[in-house]
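First to last, the protein sequences are chains F and G. With positions in the first sequence counted from 1, the corresponding number in my numbering is that position plus 878. With positions in the second sequence counted from 1, the corresponding number in my numbering is that position plus 3. Comments concern the structure below.
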Amino acid sequence: MGVAQDPANVGRMSTLALLLTQGVNALSQAALLFFLGVGLTLIFGIMRIVNFAHGTLYMLGAFIGYSLVRYAGSYWLALLLAPLAVGAIGTAFELGILRRLYRRDAHAFLMVTFGLALVTGEAVRLIWGSDALQVPSPALLSGVVFLMDEPFPVYRLFLIGFGVIVAIAMWQLLERTRLGLLIRATSQNAEMVHALGVDVKLVRSGVFGIGCGLAALGGVLAAPLVTAAHGMAATAVIDAFVIVIIGGMGSFLGSLIGALLVAFVQVFGNYYLPDFALAFMYLVMLLVLVVRPGGLLGKEA
Amino acid sequence: MPKTNPLPALAGVAVLGLLMAAPFGLPVFAMTLLTELLILGLFAMSLDLMVGYTNLVSFGHTAAYGLGAYASGYMLLNSSLPLPFVVLLAALLTGVVAIGVGWVCTLATGVSFSMLTLAFAQLLYAIAFKWTSVTGGSDGLAGIPRRAGPFGLTIFTSKMGFYYFALACLLGAFFICRALVRSPFGTVLHGIRQNEAKTLVLGYNTRLYKIAVVAIAYALGGLAGALYAPFAGFANTELLFWLLSGQVLIMVIVGGQGTLIGPILGAGFFMLLEHQLSSYTEAWALFFGLIFIAFVLFAPEGIWGLARRLFARRGLPAETRHG
């Protein structure tokens, strides 16, 4: 900025810089969407549950994060504790209610998670009020860097890095650890895993908790960008559905690809064709489903 | 029917009599609620054809409702067609569009089917938001009139006349649905619900049946939407919002799926609860959610099933579920 440029070069440079900044923007958005989508897909893979409350738990994460930043004074503490708290709530919900419903059809889950969304949404309104709450990003990350002369918030770069780290950690967890093995096995054939002497119920409680915790992690991370607000729940749950549907329900890699695809469609769509951005996202989803009804990496449903 | 039990028919006639007499005994505000209930009941019942009878769980039934509402709103604002024609035309249009929707959505089954229906509803939502010249964008269509006619008839323009018109639509739709599920067509739907592969092997083109049921369900859902626009006087994107799809699905399940009557009761329960709770407490959604969870845990067969169980306990023969 502020540096005089050859006028003939300005157009070309700024197009390139624009592509770069929008691309980085999209990547950071993809990181947020990934936290949402991967939790939903894990839960679906193992429990065949469409968790309607996912967006509300994402929002709850943002609000708990707000309180922790405000009263404990540390963003990093919020980043650690808010997902744990929401994960605990998720586990409790699984233990108390979902567990009684595994012999029933999918409608039962749809209804109770819809009920959970209503209860949580209202509880948030009672505790934190109806206003959107500003969450400051930590001092360490509040600066701006210049990418090809365009200012760019450090926080968004941090999101990309954090997303990559969590994605790799999750992948290693699923592929290399005993817990990951159990999760993958249970999603393929729960009865067989049970017959081998594994407490499948425990795996389910754990995975539901982890999935909810990941949603909350996304919420805390999103809060400094978009403020903690009630509207974020509906947007988040729809985005999460779209990601998981595109990627294939229950597929880890699918949720990563879905998050990237949706983020790029959202960011570039909003920039170039703001009128059609929203419709474009659903068109991509429809197109994917028509070609592959189970999603890009999903089993044929 | 193995044995005819006169009780349900008698109860039906009694309820119908009460509904016919309602405008003479109820205050205006209650009539408004009752009219809305008829419309929502019709909407929920149309979804029951898919969910309860064919096991096609739609997450996007607002597509039908919104499409019907916008179509009827647009025609009432921009043409001089009389109200009943507009409403029926809007329903028909929704049904025709639904043939395409059904064709695409039935490419998939199970959860993917649900998600495709959601995708369509969301696509319409996005279109309604942006196609301002037709839909009014985020403001929606306002000031939708209840146009007089045909032949200069003005009965449907009054609140009371409109109530009877909505009642007639609901009754007509109910008898169509009942005839449908009791016909050979309905038997095939039942087969698809129980075991689609077997039904296919028996020589039925199950996909065509599913597309047909989607089209009929959307047409009737569109009818409900087409009634809502002149009832409320507006049509906006709220009518296409996914939350409404979730709500109507819950009406079906709380009321009792696969019963046609149940979802209408579910719609009534939903409206009553929302209305009562919101007059007692600001945090009505909290209790609303808790009551739903309790329903799933303790009364999985829904209100209609609960009522039938009560009758059965008193030694009265219960009607068969998919009668």
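Ideal Cβ positions, reconstructed from N, Cα and C, are used throughout, including at glycine.
Under the rule that 16 or more other beta-carbon atoms within 10 Å means buried, what is residue 297 of chain G, buried or exposed? Working through the second sequence from its first residue, we reach residue 297 of chain G at position 294. Result: exposed.
Counting only beta-carbon separations shorter than 8 Å, does residue 122 of chain G have a partner in chain F? Residue numbering aside, residue 122 of chain G sits at position 119 when the second sequence is read from its first letter. Between residue 122 of chain G and chain F, the shortest Cβ-Cβ separation is below 8 Å.
Out of curiosity, what's the CA-to-CA distance linking residue 1176 of chain F and residue 985 of chain F? Here residue 1176 of chain F refers to the residue found at position 298 when the first sequence is read from its first residue. Here residue 985 of chain F refers to the residue found at position 107 when the first sequence is read from its first residue. Approximately 22 Å between the Cα atoms of the pair.
Between which two residues does the alpha helix (DSSP H) harbouring residue 1119 of chain F extend? By 1-based counting over the first sequence, the position of residue 1119 of chain F is 241. Residues 1110–1125.
So, helix, strand or coil for residue 881 of chain F, using DSSP? Counted from its first residue, the first sequence places residue 881 of chain F at position 3. With a pLDDT of 43 at residue 881 of chain F, under the threshold of 50, the predicted position of this residue should be treated as unreliable, though the coordinate-derived value follows. Coil.
Between residue 896 of chain F and residue 239 of chain G, what straight-line distance do the alpha-carbon atoms span, to the nearest angstrom? For the purposes of this step, residue 896 of chain F is identified with residue 18 of the first sequence, where counting begins at 1. For the purposes of this step, residue 239 of chain G is identified with residue 236 of the second sequence, where counting begins at 1. Just so you know, the alpha carbons of residue 896 of chain F and residue 239 of chain G end up roughly 36 Å apart.
Comparing the C-beta of residue 964 of chain F with each C-beta of chain G, is any distance below 8 Å? Counted from its first residue, the first sequence places residue 964 of chain F at position 86. Under the Cβ criterion of 8 Å, residue 964 of chain F is not counted among the residues facing chain G.
Should residue 989 of chain F be flagged as near chain G, meaning a C-beta pair shorter than 8 Å? If you number the first sequence from 1, residue 989 of chain F lands on position 111. Output row for residue 989 of chain F: interface = yes.
Mind checking which residues open and close the beta strand (DSSP E) that includes residue 285 of chain G? In the second sequence, the residue the question calls residue 285 of chain G occupies position 282. According to the DSSP assignment, residue 285 of chain G belongs to no beta strand (DSSP E), since it is labelled neither H nor E.
DSSP bridge partner residues for residue 1031 of chain F (one or two, in chain order): For the purposes of this step, residue 1031 of chain F is taken as the residue at position 153 of the first sequence. Looking at the DSSP output, residue 1031 of chain F bridges to F:1022.
Among the candidates G:211, G:57, G:264, whose CA atom is the shortest distance from the CA of residue 11 of chain G? By one-based count along the second sequence, residue 11 of chain G stands at place 8. Restricting attention to G:211, G:57, G:264, the CA atom closest to the CA of residue 11 of chain G is found in G:264.
If you count every other CB in all the chains shown that lies within 10 Å of the CB of residue 987 of chain F, and 16 or more means buried, which is it? Residue 987 of chain F sits at position 109 when you count from the first residue of the first sequence. With 16 or more Cβ atoms within 10 Å of its Cβ, residue 987 of chain F is classed as buried.
Against chain G, does residue 1000 of chain F count as a neighbour if the rule is that its beta carbon must be under 8 Å from one of theirs? Translated into the one-based positions of the first sequence, residue 1000 of chain F becomes position 122. Yes, because at least one Cβ of chain G sits closer than 8 Å to the Cβ of residue 1000 of chain F.
For residue 217 of chain G, decide whether its Cβ has a neighbour in chain F, counting only Cβ atoms nearer than 8 Å. On the second sequence, residue 217 of chain G is found 214 positions in, with the first residue counted as 1. Judged by the 8 Å Cβ criterion, residue 217 of chain G is not in contact with chain F.
Starting from residue 932 of chain F and walking both ways along the alpha helix (DSSP H), at which residues does that stretch end? Mapped onto the first sequence, residue 932 of chain F falls at position 54. Counting along the chain, the alpha helix (DSSP H) containing residue 932 of chain F begins and ends at 932–945.
Within a Cβ cutoff of 6 Å, which residues of the same chain sit near residue 217 of chain G, ignoring the five residues on either side of it in sequence? Translated into the one-based positions of the second sequence, residue 217 of chain G becomes position 214. The beta carbon of residue 217 of chain G sits closer than 6 Å to the beta carbons of 101, 105 from its chain, once the five residues preceding and following it are set aside; these are given in chain order.
Please classify residue 1000 of chain F: is it buried, with 16 or more other beta-carbons within 10 angstroms of its beta-carbon, or exposed? Position 122 of the first sequence, counted from the start, is the residue given in the question as residue 1000 of chain F. Residue 1000 of chain F is buried by the Cβ-count criterion.
The ligand ZN and residue 90 of chain G: does the residue's C-beta get closer than 7 Å to at least one heavy atom of that ligand? Among the components of this structure there are no ligands whatsoever, and the ligand ZN is therefore not found.
Exposed or buried, residue 972 of chain F, counting other C-beta atoms within 10 Å across all chains shown (16 or more means buried)? Numbered from 1 along the first sequence, position 94 holds the residue referred to as residue 972 of chain F. Residue 972 of chain F comes out buried.
Residue ranges of each beta strand (DSSP E) run of no fewer than 3 residues wholly in the region 1059–1099 of chain F, ordered along the chain? Taken in chain order, the complete beta strand (DSSP E) segments of 3 or more residues contained in the region 1059–1099 of chain F number zero; there are none.
Report the partner residues of residue 1106 of chain F according to the DSSP bridge assignment. Taking the first residue of the first sequence as position 1, residue 1106 of chain F is located at position 228. In DSSP, residue 1106 of chain F forms a bridge with F:1011.
Residue span of the alpha helix (DSSP H) that contains residue 1164 of chain F, given as start and end: Against the first sequence, residue 1164 of chain F aligns to sequence position 286. Residue 1164 of chain F -> alpha helix (DSSP H) spans 1155–1169.
Residue(s) in a DSSP beta bridge with residue 144 of chain G: As a working note, residue 144 of chain G is residue 141 in the second sequence. Beta-bridge pairing links residue 144 of chain G to G:238.
Own chain residues within Cβ distance below 7 Å of residue 22 of chain G, not counting five before or after: Translated into the one-based positions of the second sequence, residue 22 of chain G becomes position 19. Closer than 7 Å at Cβ, skipping near neighbours: 170.
Taking only the alpha-carbon atoms, compute the straight-line gap between residue 123 of chain G and residue 1074 of chain F and give it to the nearest angstrom. The sequence position of residue 123 of chain G within the second sequence is 120, counting from 1. The sequence position of residue 1074 of chain F within the first sequence is 196, counting from 1. Using only the alpha carbons, I get a separation of about 43 Å.
Could you tell me how far apart the beta carbons of residue 956 of chain F and residue 964 of chain F are, in whole angstroms, since I believe they sit closer than 8 Å? For the purposes of this step, residue 956 of chain F is taken as the residue at position 78 of the first sequence. For the purposes of this step, residue 964 of chain F is taken as the residue at position 86 of the first sequence. No, residue 956 of chain F and residue 964 of chain F are not in contact; Cβ-Cβ is about 12 Å, not under 8 Å.
Distance between beta carbons of residue 958 of chain F and residue 873 of chain F, contact taken as under 8 Å: An answer regarding residue 873 of chain F cannot be provided, because it is not within the stretch 879 to 1179 covered by chain F.
Taking Cβ positions only, does residue 1073 of chain F come closer than 8 Å to chain G? Numbered from 1 along the first sequence, position 195 holds the residue referred to as residue 1073 of chain F. Chain G, which has no Cβ nearer than 8 Å to the Cβ of residue 1073 of chain F, makes this no.
When the Cα of residue 1151 of chain F is compared with those of G:53, G:133, G:69, which residue comes out closest? Against the first sequence, residue 1151 of chain F aligns to sequence position 273. By alpha-carbon distance to residue 1151 of chain F, the top candidate from G:53, G:133, G:69 is G:133.
Among F:1139, F:1148, F:949, whose alpha-carbon lies nearest the alpha-carbon of residue 1120 of chain F? Numbered from 1 along the first sequence, position 242 holds the residue referred to as residue 1120 of chain F. Checking every option, the nearest Cα to that of residue 1120 of chain F belongs to F:1139.
With a threshold of 8 Å between beta-carbons, can residue 970 of chain F be considered close to chain G, or not? For the purposes of this step, residue 970 of chain F is taken as residue 92 along the first sequence, with counting starting at 1. No Cβ of chain G is located within less than 8 Å of the beta carbon of residue 970 of chain F.
With a threshold of 8 Å between beta carbons, is residue 245 of chain G in contact with chain A? Chain labels in this structure do not include chain A; the protein chains are F and G.
With 8 Å set as the bound, which would you pick, yes or no: does the beta-carbon of residue 312 of chain G sit closer than that to a beta-carbon of chain F? Sequence index remark: in the second sequence, residue 312 of chain G carries index 309 (1-based). Not one chain F Cβ lies under 8 Å of residue 312 of chain G.
Alpha carbon of residue 56 of chain G to alpha carbon of residue 193 of chain G, nearest angstrom: To locate residue 56 of chain G, count along the second sequence from 1; it is residue 53. To locate residue 193 of chain G, count along the second sequence from 1; it is residue 190. Looking at the two C-alpha atoms, the distance is approximately 6 Å.
Name the chain F residues that come within less than 7 Å of residue 129 of chain G, Cβ to Cβ? Sequence index remark: in the second sequence, residue 129 of chain G carries index 126 (1-based). Neighbourhood of residue 129 of chain G in chain F, by CB distance below 7 Å: 1156, 1157, 1160, in chain order.
Mind checking if residue 321 of chain G is an interface residue toward chain F, Cβ cutoff 8 Å exclusive? Here the question's residue 321 of chain G lines up with position 318 in the second sequence. Unreliable placement is indicated for residue 321 of chain G, whose pLDDT of 48 sits below 50; no coordinate value is reported for it.
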